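Sequential numbering of the sequence shown, starting at 1437, is according to this note's numbering.
Quick reminder that beta carbons are idealized off the backbone N, C-alpha and C, glycines included.
Predicted model only: the values in this text are computed from it and were never measured.
Report on one structure; see the data block that follows.
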Amino acid sequence: MCELDDQSSDFQHKNELSVLSSILFVGGALALPGNVAARASTSTAAAPSGTGKVKYVGVNVAGFDFGVGTDGTQNLTNVYPPIGGQYPDGAGQMNHFSTKDGMNIFRLPVGWQYIVGGQLGGNLNSANLAKYDQLLQSCLKTGAVCIIDIHNYARWNGKIIGQGGATNAQFVNLWTQIATRYKSTANVAFGVMNEPHDVDIKEWAATVQLVVNAIRGAGATTQMILLPGNDYTSAGAFITNGSGAALLPITNPDNSTTGLIFDVHKYLDSDNSGTHAECVTDNISTAFQPLATWLRTNGRQALNTETGGGNTASCAMYLCSQLAFVNENSDVYLGYVGWSAGSFDQTYTLVMTPTGSGNNMQDTSLVKACLAR
1437 MCELDDQSSD FQHKNELSVL SSILFVGGAL ALPGNVAARA STSTAAAPSG
1487 TGKVKYVGVN VAGFDFGVGT DGTQNLTNVY PPIGGQYPDG AGQMNHFSTK
1537 DGMNIFRLPV GWQYIVGGQL GGNLNSANLA KYDQLLQSCL KTGAVCIIDI
1587 HNYARWNGKI IGQGGATNAQ FVNLWTQIAT RYKSTANVAF GVMNEPHDVD
1637 IKEWAATVQL VVNAIRGAGA TTQMILLPGN DYTSAGAFIT NGSGAALLPI
1687 TNPDNSTTGL IFDVHKYLDS DNSGTHAECV TDNISTAFQP LATWLRTNGR
1737 QALNTETGGG NTASCAMYLC SQLAFVNENS DVYLGYVGWS AGSFDQTYTL
1787 VMTPTGSGNN MQDTSLVKAC LAR
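If you want it as C-alpha cells, here you go:
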C-alpha cells in the first residue's frame, strides 16, 4: 500500500482489520482554506492535453487481502471478506459510491493464498472463489470496472516470483485460470500484482510479459491489464528505478500495447508510507508531473490504483490538489482509486469506508472533499 520512500522498503499495516494508530476523524466535509481545487504546488506538466476529468474514479474494497504481509505470506485466519451478513457490506458500499459519488471503478484486493486455498500451483479454491466472486459480481452490477488485484508483493511465502520463489509457470497458471473464468466479462480488469518490491526489475518485467501472454491467450483479449513496477510501484520512482524502461516493451501477443496500463501508487504523508493521518505533499513536482511527461513522450497511460490519507484538513488540501493535477492530465492518467473502504472500520488511519448502512451510508470527510464527483 505504501512506499516508505521512493527507493526503499516500507511497513505494511493495511491488512489488519483494526489498526492501532488513531485517526482524527472529522464529520462532514472539511472546511478547506481557499478553493478546494487550488493546488498546494503550482507545477504543471508539459503540454497537458487532458479533458480535465479522468475516466475512472473509485476506491479499493479490501478484506480478502487481510493477513497478507509485504513478504507475500498470508494468514488466512485474518481474511475478513466484505460480503455482507456477518461481514461488512461491500456490495452496499459500492452501490453507495456508484450512485451517490459517481464512482466507476473498484479494486478488489485478494491474497494469492486465499484464492487457491493455500495450494501453490493448484486450482482456484471453489469455496473461496465463490465468496470473492460474490463481491466481484456485486461490483459488476454497479456498472463499474472491477479490478482483480493479487495482493502479494511479487511473492509467495517470502520468496520472489520467478526469482527463487514461486515459478513463473505457477504464477502464469494462476492468471490463466482467472482470465479463463472472466474472459467474457468486459468490465473486469486484471491487476497483475500489488506492489512488487526489491525485485530484479528486468526479470520481473519478463514475468509480467508471460502473464500478459497468458491472459490474452486465455481469451481475455480486450480487458485492461495493469503492469506494476518496483519499489511498491511508486509513481515517484517509476522512472528513476528503471520500472518504466523495463515495462515499456511489454506487448500483447499481436505486438500492440492496447489495454496495457501502468499501475502506480502514491501516498502523501511524511515518509510516503500511507500510515499517518496527516499529509505533507501533493506529489506533483516529485511524482505526477515527471511521470505525466514520460507517459506523454512514450504514448502510454497509467492508473493510480492506491492513494489516500487521513480524514484531516491537511490530507484534504493535498489530496484534492494531487487529484486536480491528475484530472488536468487525463490524457495520460486514466484515473485514481482511493485506499480504502471494504472491511476497514473507522479506527483505520486511511479509512474510506462509509458510516451507516443501506441507503443511509455517509462518506468519510476525505472522500466527500476529494473523491466524490
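What residues match up with residue i in a beta bridge as DSSP calls it?
i	result
Y1703	According to DSSP, Y1703 bridges with nothing at all.
D1525	I1519
C1582	F1542, V1624
S1670	H1701
G1771	Y1492, L1739
Q1510	V1504
Q1798	T1791
A1650	None, per the DSSP bridge assignment.
R1591	I1596
L1556	Beta-bridge pairing links L1556 to no other residue.
A1777	V1497
I believe residue i touches residue j by the beta-carbon criterion, under 8 Å. Please report the beta-carbon distance rounded to the nearest angstrom.
i	j	result
C1715	G1745	4 Å
F1626	I1651	6 Å
N1564	I1551	6 Å
D1799	D1537	7 Å
I1720	F1674	Incorrect: roughly 15 Å between the Cβ atoms, too far for contact.
Tell me where the beta strand (DSSP E) around residue i begins and ends.
i	result
L1663	1661 to 1664
N1496	1492 to 1498
L1739	1738 to 1743
Tell me where the alpha helix (DSSP H) around residue i begins and ends.
i	result
T1612	1604 to 1618
N1763	1749 to 1764
L1565	1562 to 1577
N1734	1725 to 1734
G1680	1679 to 1683
Q1549	1548 to 1551
Using the beta-carbon count (16 or more within 10 Å), is residue i buried or exposed?
i	result
N1471	For N1471, the predicted model reports a pLDDT of 30, less than 50, meaning its position is unreliable; a value from the coordinates is still stated below. Classification for N1471: exposed.
D1690	exposed
K1567	buried
N1511	exposed
D1446	Caution applies to D1446, whose pLDDT of 34 falls short of 50 and renders its modelled position unreliable; the value that the coordinates give is listed next. D1446 should be labelled buried.
G1792	exposed
N1559	exposed
P1518	buried
D1667	buried
A1752	buried
G1488	exposed
A1805	buried
R1591	buried
Q1725	buried
G1499	buried
P1664	buried
E1577	Just to set this straight, residue 1577 is Lys in the shown sequence, not Glu. The residue in question, K1577, is exposed, as its Cβ has fewer than 16 Cβ neighbours within 10 Å.
D1781	exposed
G1508	buried
When you compare each of the options to residue i by their alpha carbons, which one comes out closest?
i	options	result
M1530	C1806, A1805, G1794, E1631	G1794
D1585	A1642, L1662, D1718, Q1613	L1662
G1710	Q1737, G1499, L1755	L1755
D1599	N1688, E1639, V1493, G1665	Looking at the sequence shown, residue 1599 is not Asp but Gln. Cα-wise, what sits closest to Q1599 is E1639.
T1729	T1535, S1766, Q1570, T1717	S1766
L1731	G1680, Y1618, G1521	G1680
G1655	A1622, V1644, T1676	A1622
V1495	D1636, D1569, W1775, S1801	W1775
T1785	A1642, G1735, T1748	T1748
N1604	V1648, N1677, N1561	V1648
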